[in-house]
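> In UniProt numbering, the protein residues as written are 1 to 159. Backbone N, C-alpha and C fix where the C-beta goes; we use that ideal spot for every residue, glycine too. Below is the structure I would like to discuss, written out as structure tokens.
Written as structure tokens, this is what we have:
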């Protein structure tokens with residue numbers, strides 16, 4: 001993006017400014033999107049959240065939108081996690097709906113397998129989560145954005 005209404009840079013942070021704004025004055029936000037037929041910019045994801053599965057780009061927002069349609073999913077966030085063979089694979093963090101059957105360890109394993117199978121029927125194999133981790137809530141910042149770095153830490157600890 002570029003225009004008179006954009007910031008000139010980050011206050012007292014020339015390094016961050018140099019990373020975000022190029023010599024031509026273009027601001028690189030890290031967002032991924034497209035321009036629709038009416039000329040509106042539609043932001044769909046963050047470049048830093050995209051992960052690569054066996055050479056294919058996996059866009060978290062697309063995977064999350066599909067998972068959100070699952071009948072037992074109240075909230076969901078996905079990340080890429082390291083995989084020896086494919087480079088990265090999808091890991092989904094799911095907050096179950098309040099009316100879902102009370103979980104026990106055996107039920108959660110069955111539910112995770114059912115969610116993965118449900119995904120296989122609705123999305124490409126490289127987008128399908130290899131792991132589902134159930135959480136009580138998704139970590140968020142003050143503006144409600146999911147803190148994916150915290151999910152990455154949680155995924156690493158739960159291996």
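Could you check what DSSP says for residue 31 in three-state terms: helix, strand or coil?
Looking at residue 31 - three-state DSSP - the assignment turns out to be strand.
> Can you find the residues in the same chain that come closer than 7 Å, C-beta to C-beta, to residue 29, ignoring five residues on each side of it along the sequence?
Cβ neighbours of residue 29 beyond the five flanking positions: 1.
> Within the same chain, show all residues whose beta-carbon is closer than 6 Å to that of residue 139, passing over the 5 residues directly before and after it, in chain order.
Cβ within range, chain order: 147, 150.
> Is the CB-CB distance between residue 60 and residue 77 below 9 Å?
Closer than 9 Å, so yes.
> For residue 80, which three-state DSSP category applies?
Note: residue 80 maps to strand in three-state DSSP.
> Rounded to the nearest angstrom, how far is the Cβ of residue 15 from that of residue 53, given a contact under 8 Å?
The Cβ separation is near 32 Å, so there is no contact.
> Please identify the residue among 96, 3, 79, 98 whose C-alpha is closest to the C-alpha of residue 26.
Here the closest residue by C-alpha is 3.
> With distances taken Cα to Cα, identify the nearest neighbour of residue 154 among 8, 81, 120.
The shortest C-alpha separation from residue 154 is found at 81.
> Out of 145, 132, 137, state which residue places its alpha-carbon closest to the alpha-carbon of residue 158.
Measuring from the Cα of residue 158, the nearest candidate turns out to be 132.
> So what's residue 132 in DSSP terms, helix, strand or just coil?
Looking at residue 132 - three-state DSSP - the assignment turns out to be strand.
> So what does residue 62 bridge to, in DSSP terms?
Answer is none; residue 62 lacks a bridge partner.
> Relative to the C-alpha of residue 69, which candidate in 113, 122, 110 has its C-alpha closest?
Taking only the C-alpha atoms, the option nearest residue 69 is 122.
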